[in-house]
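Student:
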Amino acid sequence: MAGTLEATEVVVPTSRQDAVAAFGDGGDVTVVAGGTIVVPEITHGRLRPRRAVLLGKAGLAHVTRERGRTTIGAMTAVSELEGLPEPLGATARNVADIEVRRQATLGGNLCAPPGVESPRGDLQAALIALGAQVRSAGPGGERTDPVEDLLVTGPEGRLVLEVEFADPQAGAQSSVRRPHAHAYTILNVCAARTGGEVRVGVSGAGPRAARCRAVEEAFAQAGDAEAAAARILDDVTPHDDALASAWYRSRTLPVLVGRALTDLS
Ligand SMILES: Cc1cc2nc3c(=O)[nH]c(=O)nc-3n(C[C@H](O)[C@H](O)[C@H](O)COP(=O)(O)OP(=O)(O)OC[C@H]3O[C@@H](n4cnc5c(N)ncnc54)[C@H](O)[C@@H]3O)c2cc1C
1 MAGTLEATEV VVPTSRQDAV AAFGDGGDVT VVAGGTIVVP EITHGRLRPR RAVLLGKAGL
61 AHVTRERGRT TIGAMTAVSE LEGLPEPLGA TARNVADIEV RRQATLGGNL CAPPGVESPR
121 GDLQAALIAL GAQVRSAGPG GERTDPVEDL LVTGPEGRLV LEVEFADPQA GAQSSVRRPH
181 AHAYTILNVC AARTGGEVRV GVSGAGPRAA RCRAVEEAFA QAGDAEAAAA RILDDVTPHD
241 DALASAWYRS RTLPVLVGRA LTDLS
């Protein structure tokens, strides 16, 4: 006999304020943005939302560029980011294929649950390099966090509203992926210089993207891209998954980091 399925309450907020109210403290809420990750989970029965908040009409899709700062709403499609400052533009162009990029959103990429089989938060690395600040709502109200802090604690329990960063003086991206339109990126390295400071982020070498402080410090001290890149395994611990082995990632990462740092100058 088939089991009883609990009905899902579906909420479609039509403003930012409504979205924040619908999310509340995040308990029992499943946020649905572009749905490229979450909808297959529901379809295959791995996720059974009690309350689904669909953000498509919440007015969170916008890009503003003013006085040297860029602000991007959480529901902005990845395809809309392709012309934005590097390394965000190049990273967006590198995600999947145009069908996925038009559907997938910035907020969904930032909040992508760590993939069992493959990494899926490339934009996180670009936002770390850009020193982005993330505005979110949830328990305790609205707050703003540096993106790397939000990724360390995990964005679960927060509704991401927008991200903001100062436009960099230079940005560079270096990645590796299989030559197939539907393939996921294996590794993505992003570097940016903003206000004289160089920051580096890597995705695909852990459950979420990480800021690479050892690389940054070495580069700030000596300005030698290759020597700084050799420090990358102090910052991340590569893993095996369906896309590549930890061994392959460990060998490839210093090359990608070196390229990104060299391309900055
Ligand atoms: C064929 C294919 C290839 C792909 N290739 C890549 C790739 O190369 N690189 C890559 O990075 N990704 C890749 N992805 C993964 C995915 O498309 C992206 O990460 C995408 O940006 C997710 O956005 P979304 O809006 O579809 O997220 P959704 O599926 O809607 O949501 C993803 C998660 O984030 C949560 N969420 C969404 N928005 C918010 C918000 N505003 N606040 C709080 N939580 C939120 C959801 O509840 C869910 O847990 C690929 C996916 C497919 C299907």
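Numbering-wise, this note's numbering puts 37 at position 37 of the sequence shown, and it's gapless, one number per residue. Glycine is no exception: its CB is placed at the ideal position from the N, C-alpha and C atoms.
When you measure from the CB of Pro-113 to every non-hydrogen atom of ligand 1, does any distance come out below 7 angstroms?
Tutor: Here residue 113 corresponds to residue number 113 of the sequence shown, with the count starting at 1. Within the cutoff, so yes.
Student: Looking at Arg-135 and Ala-162, is the spacing between their C-beta atoms short of 8 angstroms?
Tutor: For this step, residue 162 is matched to residue 162 along the sequence shown. For this step, residue 135 is matched to residue 135 along the sequence shown. One detail in the question is off: residue 162 reads as Glu in this sequence, not Ala. The answer is yes: Cβ separation under 8 angstroms.
Student: Terminal residues of the continuous beta strand (DSSP E) containing Gly-297?
Tutor: There is no way to answer for residue 297, as the model of the chain reaches only from 1 to 265.
Student: For Ala-22, count the other beta carbons within 10 Å of its own beta carbon; 16 or more makes it buried, fewer makes it exposed. Which is it?
Tutor: Within the sequence shown, residue 22 is the residue found at index 22, counting from 1. Under this definition Ala-22 is a buried residue.
Student: Evaluate Ala-74 with the Cβ neighbour count: other Cβ atoms within 10 Å of its Cβ, from every protein chain shown; 16 or more gives buried, anything less gives exposed.
Tutor: Within the sequence shown, the letter at position 74 stands for residue 74. With 16 or more other Cβ atoms within 10 Å, it is buried.
Student: Can you tell which of Arg-158, Ala-7, Ala-19 and Arg-65 has its C-alpha closest to the C-alpha of Leu-110?
Tutor: Sequence index remark: in the sequence shown, residue 110 carries index 110 (1-based). Per the Cα distances, Arg-158.
Student: Return the first residue and the last residue of the beta strand (DSSP E) that Thr-171 is part of.
Tutor: Locating residue 171 in the sequence shown gives position 171, where the first residue counts as 1. Note that residue 171 is Gly in the sequence shown, not Thr. Unbroken beta strand (DSSP E) run through Gly-171: 170–177.
Student: Within 10 angstroms of its Cβ, does Glu-185 collect 16 or more other Cβ (buried), or is it exposed?
Tutor: On the sequence shown, residue 185 is found 185 positions in, with the first residue counted as 1. Residue 185 is actually Thr in this sequence, not Glu. Answer is buried; the Cβ neighbour count reaches 16.
Student: Distance check for Val-38 and Ala-227, CA to CA, integer angstroms please.
Tutor: In the sequence shown, the residue the question calls residue 227 occupies position 227. In the sequence shown, the residue the question calls residue 38 occupies position 38. If I take the Cα positions, the gap works out to 40 angstroms.
Student: Could you have a look at Asp-145 and say whether DSSP puts it in helix, strand or coil?
Tutor: Locating residue 145 in the sequence shown gives position 145, where the first residue counts as 1. It is a strand residue.
Student: In this structure, how does DSSP classify Glu-162 when only helix, strand and coil are distinguished?
Tutor: Within the sequence shown, numbered from 1, the residue matching residue 162 stands at position 162. Note: Glu-162 maps to strand in three-state DSSP.
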